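Input: a single structure, listed below in structure tokens.
Chains as they are written, first to last, in my numbering: chain A, 17 to 522; chain B, -7 to 242.
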């Protein structure tokens, strides 16, 4: 048996060189909470961020000085760099978290960091409601950096050429280039995020002040709410999440930002250019609309049949909000996790699980299988049925709209189905592991595994600070695989196997 | 005399990977050791006095539409319990319910008058006729104080959304914040499983309030060793960055 991968020291140098740049980005990111901590007198937090930033910057400096190379990036390099970035990033981000003393052990700090960067939004932090402001801000900053794509954020700023980092952009599970040039794509993403940040953070601050917040606290909550909502992350400033605000206006604004976050940047561009037809015809828009509408009906039926809620207001504010939070892969909660198990019956949680599995759109900040793949899989099934029903001589052509009218090809359909099946395998891994601990029932195990594996963050209560380390490790793996959508992880695995077997160049 | 065999590229590659792994292990061990060296506050004096015992000594669960029998069972137990009879009366009632018990079977407590003890955290959110408050009844509220400067980790915050009429809201001095435990209050009120005034949320509509503990500010001790390590590592980072810059330039 042979392998095409034959990594040598030159490959490792190249990989290390780019990983260093990612670590530099993470180090500089920590300067923001460091400054906030110093200004608020949170001295222990400040020293923790200084340590985290210093270690990251030193790692970059060493890689930059010792590993700089003009060697060109290949696709395999890109995949390995991205896969390792999403492993090393959380390790480095976990340093100040662990120093905060708010996590049970290193595994839980790593879980929190991975959850933040992959925009999953599950948390295992102790006593969030008394957490220093700088530490809380750091969690939210990690989410927006991860949501926009840590690679694209860092490398578009620090890397040399656009051609080199295109491979990294695509490797980071971003298969739709918005604009022909990768730097312009990155700039467009920043422009969209920046514009929405200004508009919606302002609106959130106004809504929060109207809700009873002081201006200073409104800014703090508004900024963090935008970060976690647009990144489709789902972390919250308070443990009670969105329940805390008791405001339909805040819920509405957060809902809009969540939807904006789950739209692909390609659709943002279409709307930016004033072309709503492109948005309406897009396969992902249609898939999301059809599936979430059907799931909303199922959810309402389940909640009404179980007697959970009997008013339209409750169905909208508790039911619809949760569905949007799930389908957008955000994970903001308007219900305490236990109530999904104990007060929602069976059908309603099933609808939420289905929405979480599908997730948002490709090339967005969202996670999950993605509406594109669900739509393509559905079209493939219809295509096969038509092919069987029509005469053998008939030419069956199935098309879909994604930026332009496209013919559904076997390779495209196969790729969609394979990733869909890999997501299901990831869910099964989480379910079996949770059940193996013997304290959970099937509903809890399924709900949490799908939420973690799709990088959603709505919790039924399995993820908590007392969670066993083994389960935390499997969930970390699920979050990582879900964010990378598997391919980059498999390439990394191939690299490691090649190295272990000594297939390096000699 | 024997000479060492030259290292092969494969061996060097594996050596580099092992060095990276070793570095990560050292990073983790060092971080854990530094966190373990954090000076600790004594939390023994932070427990709130006068907290009545829970009316139920366990946490019974029920699942809507799946196994509903326990709902009636819990209601029956509550009715039978003399302490819970006192919950229905004005303060000071003898028994109380925890937020965890409520979330494990919200239907059982729906419409009942209960006593609840917890710390007001975050902010009071005024509305016409009163204010919403988040009241936590976890260990940080009732036993150890906020998790700063000590290692009494007790899991997530748990609590209830509470509606306080204006006269009760006015008696809250300071909600909890970082390093500050807010007022700890004993509340009597009606528990609503799906409060229409809160979009269907689980709320406690308070009718009486007694302050059990005034706000408590904790001063976390400065972790001097961590500051020293931070200063040294910052200097190392600056020096290595300068070195990298010079090396790349020439």
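Positions of the beta carbon are idealized from the N, C-alpha and C atoms, including for glycine. The structure displayed is predicted, hence computed values, not measured ones.
The three-state secondary structure of residue 58(A), taken from DSSP, is coil. The beta-carbon of residue 85(A) is placed no less than 8 Å from the nearest beta-carbon of chain B. A straight line joining the alpha-carbon of residue 402(A) with that of residue 423(A) spans about 15 Å. At least one CB of chain B lies nearer than 8 Å to the CB of residue 229(A). Per DSSP, reduced to three states, the secondary structure at residue 360(A) is coil, with no helix or strand assignment. Residue pairing of residue 156(B) in beta bridges, as defined by DSSP: 123(B).
Contact note: residue 149(A) reaches chain B through 170, using a C-beta cutoff of 8 Å and chain order. Using a Cβ-Cβ cut-off of 8 Å, residue 148(B) counts as an interface residue toward chain A, since at least one Cβ of chain A sits closer than that to its own. Residue 89(B) holds the alpha-carbon nearest to the alpha-carbon of residue 43(B) among 89(B), 6(B) and 14(B).
Exposed is the label assigned to residue 420(A), since fewer than 16 other Cβ atoms lie within 10 Å of its Cβ.
The beta carbon of residue 27(B) falls within 8 Å of a beta carbon belonging to chain A, placing the residue at that interface. Collapsing the DSSP output to three states places residue 257(A) in a helix. Here the segment 144 to 151 of chain A makes no contact with the segment 86 to 95 of chain A; the two share fewer than three CB pairs at distances below 8 Å. When secondary structure is reduced to three states using DSSP, residue 99(A) falls in the helix class. Identification of chain A residues near residue 190(B) by a Cβ-Cβ cut-off of 7 Å yields 262, ordered along the chain. Within chain B, 30, 140, 141, 212, 213, 214, 215, 218 and 219 have C-beta atoms less than 9 Å from the C-beta of residue 60(A), given in sequence order.
DSSP places residue 101(B) in the helix class (H, G or I) of the three-state scheme. The alpha helix (DSSP H) runs of length 4 or more contained entirely in the segment 397 to 456 of chain A are, from start to end of the chain, 426 to 452.
The beta-bridge partner set that DSSP reports for residue 128(B) consists of 111(B) and 151(B). Burial of residue 99(B) is indicated by the presence of at least 16 other C-beta atoms within 10 angstroms of its C-beta.
In the displayed model, residue 319(A) falls within a helix according to three-state DSSP. Against chain B, the beta carbon of residue 46(A) has no neighbour under 8 Å; the closest one sits roughly 11 Å away. Ranking 69(A), 512(A) and 30(A) by CA distance to the CA of residue 107(A) puts 69(A) first. Its chain contains 295 as the residues whose beta carbon lies nearer than 6 Å to that of residue 301(A), once the 5 sequence neighbours on both sides are disregarded; these appear in chain order. Residue-level contact by beta carbon fails for residue 257(A) and chain B, as no gap is shorter than 8 Å. When C-alpha distances from residue 158(B) are compared across 11(B), 51(B) and 120(B), the shortest belongs to 120(B). Residue burial is scored here from C-beta neighbours: residue 212(B) has at least 16 other C-beta atoms within 10 angstroms and is therefore classed as buried. For the set 132(A), 205(A), 76(A) and 268(A), the Cα lying nearest the Cα of residue 230(B) is the one of 76(A). Not one beta carbon of chain A lies nearer than 8 Å to the beta carbon of residue 110(B). Residue range 216 to 241 is occupied by the alpha helix (DSSP H) that includes residue 226(B), with no beta strand (DSSP E) assigned at that position. The C-beta of residue 334(A) comes closer than 8 Å to at least one C-beta of chain B. Taking a cut-off of 8 Å for Cβ pairs, the segment 108 to 120 of chain B and the segment 159 to 166 of chain B touch, as three or more such pairs fall below it. Excluding five sequence positions before and after residue 417(A), the CB atoms of its chain that fall closer than 7 Å to its own CB belong to 297, 298 and 299, given in chain order.
Minimum Cα-Cα distance from residue 101(A) among the listed residues 90(A), 80(A) and 130(A) corresponds to 130(A). Against chain A, the CB of residue 166(B) has no partner CB under 8 Å away; the residue lies outside that interface.
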